[in-house]
Amino acid sequence: MDTTRVDVWLWAVRLYKTRSAATAACRGGHVRVNRAAAKASTPVKVRDRVEAFAERERILEVAVVIDKRVGAAVAATCLVDHSPPVPVVKREPRVFVRERGAGRPTKRERRELDRLRRP
């Protein structure tokens with residue numbers, strides 16, 4: 014197989030969970046093939062550059078053309094990832110401080126504390 018549709022390839026290499034999500038991304042202008050906007054039916058071949066925005070910007074090179082969904086280990090061999098590194102966001106831990114001498118928390122305050130402590 015020399016070519017396949019871009020939406021099928023994106024689904025097969027597990028960039029999108031469903032083929033309809035991959036198709037919707039193409040329709041919404043979130044996918045480019047060789048720097049040109051791609052429709053879902055745009056064919057991709059080996060060494061094409063696919064840019065997709067799925068949760069973050071992904072820049073992929075087609076290494077193997079597949080049209081069946083495969084396991085994650087096999088899918089990783091079907092593409093070369095040129096994406097920029099994921100930015101690490103350092104978050105401060107949430108802290109709840111009660112005023113000194115305020116006594117025990119009320120039921121409402123305890124529920125707010127529980128919401129803060131939950132990840």
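The sequence shown finishes on residue 132 if you use this note's numbering, and the numbering steps up by one all the way, no holes. For every residue, glycine included, the Cβ atom is placed at its ideal position computed from N, Cα and C.
Can you tell me whether residue i is buried or exposed, with buried defined as 16 or more other CB within 10 angstroms of its CB?
i	result
A49	exposed
D20	buried
L23	buried
Compute the distance between the beta-carbons of residue i and residue j, then report whether it is under 7 Å.
i	j	result
E74	R62	yes
V44	A51	yes
I79	S96	no
T36	V46	no
A76	L92	yes
Under three-state DSSP, which class holds residue i?
i	result
V44	strand
L92	strand
A37	helix
- [ ] State whether the region 37–50 contacts the region 104–116, with contact taken as three or more CB pairs (one from each stretch) at a distance under 8 Å.
- [x] no
| Within the chosen definition, does the region 21–33 reach the region 85–102 through at least 3 CB pairs nearer than 8 Å? | yes
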